[in-house]
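This note's numbering applies: residue 1 is where the sequence shown begins, and numbers increase by one.
I have placed the structure first, in the form of structure tokens, so that the comments after it can refer back to it.
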Amino acid sequence: MVAVLLNGFSVFWYLHLDCLDGKQARRTKSSSPLGQLFYHGVDALSVHLILTVTAATLSIGMSWKAVVGSLGIMIPWQLAHWEEYHTGSWKNS
1 MVAVLLNGFS VFWYLHLDCL DGKQARRTKS SSPLGQLFYH GVDALSVHLI LTVTAATLSI
61 GMSWKAVVGS LGIMIPWQLA HWEEYHTGSW KNS
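Here you go:
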């Protein structure tokens with residue numbers, strides 16, 4: 001039970017702080033290509049870790065359900081960043 005609560009607490013704070021730092025960088029106009037590369041790199045690692053920890057918390061293991069769930073989240077995420085790379089803009093709608 002402690003692991004489930006710690007996982008939920010960690011994900012909650014990660015998501016909130018993740019949203020705040022990008023907003024702050026845009027507000028102060030202090031964003032850079034290196035900062036964006038680091039930002040998306042940390043997000044890529046975090047998405048994988050959150051999915052793995054969630055599967056372990058739910059006792060799913062590495063079954064086909066976990067693989068399909070991971071791909072269902074990671075493929076659209078990768079496609080959105082690929083589109084941003086080629087178009088130069090991020091569509092939030």
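Here a beta-carbon is modelled for each residue, glycine too, at the ideal position from N, C-alpha and C.
For lysine 29, there is no enclosing alpha helix (DSSP H), since its DSSP letter is neither H nor E. In the DSSP assignment, serine 70 falls within the alpha helix (DSSP H) that extends over 64-87. Put simply, the backbone Cα of alanine 55 is about 11 angstroms away from that of histidine 48. By the Cβ test, the segment 1-12 is in contact with the segment 51-66, since at least three Cβ pairs between them sit closer than 8 angstroms. When secondary structure is reduced to three states using DSSP, serine 59 falls in the coil class, being assigned neither helix nor strand. Cβ neighbours of serine 31 within its own chain (closer than 7 angstroms, five residues either side excluded): Ala25.
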